Amino acid sequence: MLEELAMPAQKQVERALLRAMLKNGGVIKEFGSGEETVEDLAHEFGLNERQRSAFLETTYRRQNRVKKAFLWHRLLFRAADNLARENMVSRPTQTLQLTQKREWMLTEKGFDESLKLCNIPASKKECLTTKSFEVQTIVKNLIESRKLENYDPFDRDKKMVKTTREAALRNRAFRQAVVEAYNFRCAICGLKIKSPDSLSWEVEAAHIVPHRSSGRDDVCNGIALCHLHHWAFDVGWFTVLDDYKVKASPQIDRLPPDCGQIENFQIFRSLASGRVKMRLPKSDEIYPHHNAIRWHRDNIFNEQCPC
Ligand SMILES: [Zn+2]
Numbered sequence: 015m016l017e018e019l020a021m022p023a024q025k026q027v028e029r030a031l032l033r034a035m036l037k038n039g040g041v042i043k044e045f046g047s048g049e050e051t052v053e054d055l056a057h058e059f060g061l062n063e064r065q066r067s068a069f070l071e072t073t074y075r076r077q078n079r080v081k082k083a084f085l086w087h088r089l090l091f092r093a094a095d096n097l098a099r100e101n102m103v104s105r106p107t108q109t110l111q112l113t114q115k116r117e118w119m120l121t122e123k124g125f126d127e128s129l130k131l132c133n134i135p136a137s138k139k140e141c142l143t144t145k146s147f148e149v150q151t152i153v154k155n156l157i158e159s160r161k162l163e164n165y166d167p168f169d170r171d172k173k174m175v176k177t178t179r180e181a182a183l184r185n186r187a188f189r190q191a192v193v194e195a196y197n198f199r200c201a202i203c204g205l206k207i208k209s210p211d212s213l214s215w216e217v218e219a220a221h222i223v224p225h226r227s228s229g230r231d232d233v234c235n236g237i238a239l240c241h242l243h244h245w246a247f248d249v250g251w252f253t254v255l256d257d258y259k260v261k262a263s264p265q266i267d268r269l270p271p272d273c274g275q276i277e278n279f280q281i282f283r284s285l286a287s288g289r290v291k292m293r294l295p296k297s298d299e300i301y302p303h304h305n306a307i308r309w310h311r312d313n314i315f316n317e318q319c320p321c
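Heads up, our numbering is the position in the sequence shown plus 14, with the first residue counted as 1.
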């Protein structure tokens, strides 16, 4: 039947699936009719209406029933199933336990392979917010961590050793968990945008107590910030109070009139009103911890009065 309808070969479909998953944030939904990716892939292979609508009938004699499925969906399933056997993707039943969604998800091995297929250097992996099963397993633990009143934002056992694979996964998981918790938006200005190739988000996961001061990779020691606000937070232009209102450095009043604005928008002075409150995650268990933001206020924030 495959020859008769001239359907694409399974290996070709496997490669197309890996590329599509990379572009789709590392996941792809179970194959059902009407799914965007299923349609996009059919389009990529130039499938005609006959090929898209061909049925495959499977007869289950013992149960006396016939199961009908689209041949194209069956081919996609077989390709994904084989990728799962080769440990390139996780199955929807496995992913369901992690994300509560029935999706196929790239594994680290599948992620590396998809980068190769898209001619993206492996060194760019750290900048992408593509999900992988291994990283999402750590993300789940980070997101589900309970708030501790006496939380210590410092990892006192941390050693500045060469980056191990485990540390690299943990870094990516921290970034993923923080930006997901803030719905990919900057907590200060709300900016949310992806790169045109859909491979990375503009927003970054900022440490409140930074790595160089042995800050932990926990969601409650992080805030999602756009590049500009990340820089401004790290150099002390603003900090966050215990009620999550933004406090700007009084140094803002000393800025020359042509500094700190975009066209006519006073991007820094707008933070000095005392009325700006940072956007917060849905669950207060992962709000920035007071012990971390107090440290930022005392050690990074520039409170020096200009007078
Ligand atoms: Zn921002």
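Cβ coordinates follow ideal geometry from the N, Cα and C atoms, glycine included. Quick caveat, the model's predicted, so the values are computed rather than measured.
For a test of the three-state rule: what should DSSP assign to K145, helix, strand or coil?
Your numbering for residue 145 matches position 131 in the sequence shown. DSSP places K145 in coil when its eight states are reduced to three.
Of the choices A238, N164, K206, L213, whose alpha-carbon is the least far from that of F188?
Counting from one through the sequence shown, the residue named residue 188 turns up at place 174. The option with the nearest alpha carbon to F188 is A238.
So, helix, strand or coil for H303, using DSSP?
Within the sequence shown, numbered from 1, the residue matching residue 303 stands at position 289. Coil at H303, not helix or strand.
Cβ neighbours of R33 in the same chain (closer than 8 angstroms, five flanking residues each side left out):
Here residue 33 is taken as the residue at index 19 of the sequence shown, counted from 1. Here the set comprises S128, L131, C132.
Straight-line Cα distance separating V27 from M15
By one-based count along the sequence shown, residue 15 stands at place 1. By one-based count along the sequence shown, residue 27 stands at place 13. Because the pLDDT of M15 is 49, which lies under 50, any placement of that residue in the model is unreliable, and the number read from its coordinates should be weighed accordingly. Cα to Cα, M15 sits roughly 17 angstroms from V27.
State the Cα-Cα distance for the pair D231 and S104, rounded to the nearest angstrom.
Position 217 of the sequence shown, counted from the start, is the residue given in the question as residue 231. Position 90 of the sequence shown, counted from the start, is the residue given in the question as residue 104. Cα to Cα, the separation comes out at about 25 angstroms.
By the DSSP assignment, the alpha helix (DSSP H) with M119 in it spans what residues?
For the purposes of this step, residue 119 is identified with residue 105 of the sequence shown, where counting begins at 1. For M119, there is no enclosing alpha helix (DSSP H); the residue is found in the beta strand (DSSP E) stretching over 117-120.
Proximity test, I202 beta-carbon vs ligand 1 heavy atom, cut-off 7 angstroms
Position 188 of the sequence shown, counted from the start, is the residue given in the question as residue 202. Answer for I202: yes, Cβ within range of ligand 1.
Using a Cβ-Cβ cutoff of less than 8 angstroms, which residues in the same chain neighbour E218 once the five nearest sequence positions on both sides are dropped?
Reading the sequence shown from its first residue, position 204 is the one you call residue 218. Contacts found: R189, V193, A238, L239, C240, H241, H244.
Beta-carbon contacts of C321 that lie in its chain and below 8 angstroms, excluding the five residues immediately before and after:
Here residue 321 corresponds to residue number 307 of the sequence shown, with the count starting at 1. Residue confidence for C321 is low, a pLDDT of 48 falling below 50, so the modelled location carries little weight; the figure read from the coordinates is stated next. Contacts found: none.
Considering just the uninterrupted stretch of the alpha helix (DSSP H) at K259, what are its terminal residues?
Here residue 259 corresponds to residue number 245 of the sequence shown, with the count starting at 1. Annotation: K259 is outside any alpha helix (DSSP H) and is labelled neither H nor E by DSSP.
Looking at V260 and K291, is the spacing between their C-beta atoms short of 8 angstroms?
Against the sequence shown, residue 291 aligns to sequence position 277. Against the sequence shown, residue 260 aligns to sequence position 246. For the pair K291 and V260, the CB atoms are nearer than the 8 angstroms cut-off.
Terminal residues of the alpha helix (DSSP H) in which A56 lies
Within the sequence shown, residue 56 is the residue found at index 42, counting from 1. From DSSP, the alpha helix (DSSP H) with A56 extends over 50-58.
With burial defined as no fewer than 16 other Cβ atoms inside 10 Å of the residue's Cβ, what is the status of A201: buried or exposed?
Numbered from 1 along the sequence shown, position 187 holds the residue referred to as residue 201. Around the beta carbon of A201, 16 or more other beta carbons lie within 10 angstroms, which makes this residue buried.
Helix, strand or coil at K82 [DSSP, three-state]
Along the sequence shown, one-based indexing puts residue 82 at 68. Of the three classes helix, strand and coil, the one that applies to K82 here is strand, per DSSP.
Quick one: residues in its chain with C-beta nearer than 6 angstroms to the C-beta of H303, no 5 flanking neighbours on either side, listed in chain order?
Residue numbering aside, residue 303 sits at position 289 when the sequence shown is read from its first letter. Apart from the 5 residues on each side of it in sequence, H303 sits with its Cβ closer than 6 angstroms to the Cβ of Y165, C234 in its chain, given in chain order.
heavy atom of ligand 1 below 7 angstroms from L242 C-beta:
Within the sequence shown, residue 242 is the residue found at index 228, counting from 1. True, at least one ligand heavy atom lies under 7 angstroms from that Cβ.
Pull up the distance between the alpha-carbon of M1 and that of K25, whole angstroms please.
Past the edges of the chain, shown from 15 to 321, lies residue 1, and the structure says nothing about it.
The stretch 298-312 in contact with the stretch 151-166 per 3-pair CB rule at 8 angstroms:
With the rule of 3 Cβ pairs closer than 8 angstroms, the stretch 298-312 counts as touching the stretch 151-166.
Given the structure, does L294 come close to ligand 1, in the sense that its CB is under 7 angstroms from one of the ligand's heavy atoms?
Position 280 of the sequence shown, counting from 1, holds the residue named residue 294. No - ligand 1 has no heavy atom lying nearer than 7 angstroms to the Cβ of L294.
By the three-class DSSP mapping on this structure, what secondary structure does A191 have?
For the purposes of this step, residue 191 is taken as the residue at position 177 of the sequence shown. Here A191 sits in helix by DSSP.
Using a threshold of 7 angstroms, is the CB atom of L326 nearer than that to any non-hydrogen atom of ligand 1?
In this structure the chain extends from 15 to 321, so residue 326 is not present and cannot be described.
Look at the alpha carbon of A136 and the alpha carbon of D126, and state the distance between them as a whole number of angstroms.
In the sequence shown, the residue the question calls residue 136 occupies position 122. In the sequence shown, the residue the question calls residue 126 occupies position 112. C-alpha separation (whole angstroms): 7 angstroms.
Going straight from the alpha carbon of Q150 to that of E140, what length do you get?
Taking the sequence shown and counting its residues from 1, one reaches residue 150 at position 136. Taking the sequence shown and counting its residues from 1, one reaches residue 140 at position 126. Across the structure, Q150 and E140 are spaced so that their CA atoms are roughly 14 angstroms apart.
For the stretch 85-97 and the stretch 58-77, state whether three or more C-beta atom pairs, one from each stretch, are separated by less than 8 angstroms.
Flag = yes, the stretch 85-97 and the stretch 58-77 touch.
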